[in-house]
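*Asks:*
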Amino acid sequence: MNLSDTAILVADDLSDSERTLLARTATPAATLLGAVSMILRTTLFSADPAAWVDMWQARPDLARIEWMDGPELSEVVAHLAAKDYEGQIEGVPGLRITSCNDHTADMLWLGAATPVELQLTRQLS
Numbered sequence: 127m128n129l130s131d132t133a134i135l136v137a138d139d140l141s142d143s144e145r146t147l148l149a150r151t152a153t154p155a156a157t158l159l160g161a162v163s164m165i166l167r168t169t170l171f172s173a174d175p176a177a178w179v180d181m182w183q184a185r186p187d188l189a190r191i192e193w194m195d196g197p198e199l200s201e202v203v204a205h206l207a208a209k210d211y212e213g214q215i216e217g218v219p220g221l222r223i224t225s226c227n228d229h230t231a232d233m234l235w236l237g238a239a240t241p242v243e244l245q246l247t248r249q250l251s
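Last residue of the sequence shown? That's 251 in the numbering used here, and every number before it is there in order.
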């Protein structure tokens, strides 16, 4: 198959197994994790990198991110929360802080038809 062949591929070319897996994984929570990972790729892996990072969706409306060491939770939350600076959006559009302490935070993403909860946890080694 070459690149010109891909133009004729359509959704009907998916197998039943592929459709089932996509229905389970291509969710609003997965979309949120993609947006979050784009924002955090420099924060969690910068001068003081996290020892490990894990991201997953627990349900279509719940996503989780955990990391060990690295940046403080408050720094990550501030980096992710949507902010409007004179029409320029920073952070993840539609992501709001609902609670935060030293080790865990909850955020709510309003960018999907059903809001998605984002749970963040920072572990210490």
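Glycine residues also receive a C-beta, built at the ideal position from the N, C-alpha and C atoms.
Tell me where the beta strand (DSSP E) around residue 231 begins and ends.
*Replies:* Counting from 1 along the sequence shown, the entry for residue 231 is found at position 105. Residues 230-235.
*Asks:* Going along the chain, which residues of its own chain have a beta-carbon closer than 7 Å to the beta-carbon of residue 200, five neighbours each way excluded?
*Replies:* Your numbering for residue 200 matches position 74 in the sequence shown. So the qualifying residues of the chain are 226.
*Asks:* Compute the Euclidean distance between the alpha carbons of residue 165 and residue 217, then round it to the nearest angstrom.
*Replies:* Looking up residue 165 in the sequence shown gives position 39. Looking up residue 217 in the sequence shown gives position 91. Rounded to the nearest angstrom, the two C-alpha atoms are 7 Å apart.
*Asks:* Between residue 207 and chain C, is there a C-beta pair that is closer than 8 Å?
*Replies:* Considering every chain present, this structure includes no chain C. It has just one protein chain.
*Asks:* In chain order, what residues of the same chain have a beta carbon less than 6 Å from the beta carbon of residue 175, not counting five sequence neighbours either side?
*Replies:* If you number the sequence shown from 1, residue 175 lands on position 49. Within the same chain, residue 175 has close Cβ partners 196.
*Asks:* If you compare alpha carbons, which of 207, 187, 202, 221 is closest to residue 171?
*Replies:* Residue numbering aside, residue 171 sits at position 45 when the sequence shown is read from its first letter. Ranking 207, 187, 202, 221 by Cα distance to residue 171 puts 202 first.
*Asks:* So, with DSSP's three-state summary, where would you put residue 247?
*Replies:* The residue you call residue 247 lines up with position 121 of the sequence shown. DSSP places residue 247 in strand when its eight states are reduced to three.
*Asks:* Classify residue 201 as helix, strand or coil using the three-state DSSP reduction.
*Replies:* Looking up residue 201 in the sequence shown gives position 75. Residue 201 falls in the helix class under three-state DSSP.
*Asks:* Is it the case that the Cβ atoms of residue 224 and residue 247 are separated by a distance below 8 Å?
*Replies:* Walking along the sequence shown from the start, residue 224 turns up at place 98. Walking along the sequence shown from the start, residue 247 turns up at place 121. Cβ atoms of residue 224 and residue 247: not closer than 8 Å.
*Asks:* Can you name the start and end residues of the beta strand (DSSP E) that residue 179 belongs to?
*Replies:* Translated into the one-based positions of the sequence shown, residue 179 becomes position 53. Its beta strand (DSSP E) spans residues 176-185.
*Asks:* Please name the residue, chosen from 244, 249, 251, 250, that lies closest to residue 159 on a Cα-to-Cα basis.
*Replies:* The residue given as residue 159 occupies position 33 in the sequence shown. Cα-wise, what sits closest to residue 159 is 244.
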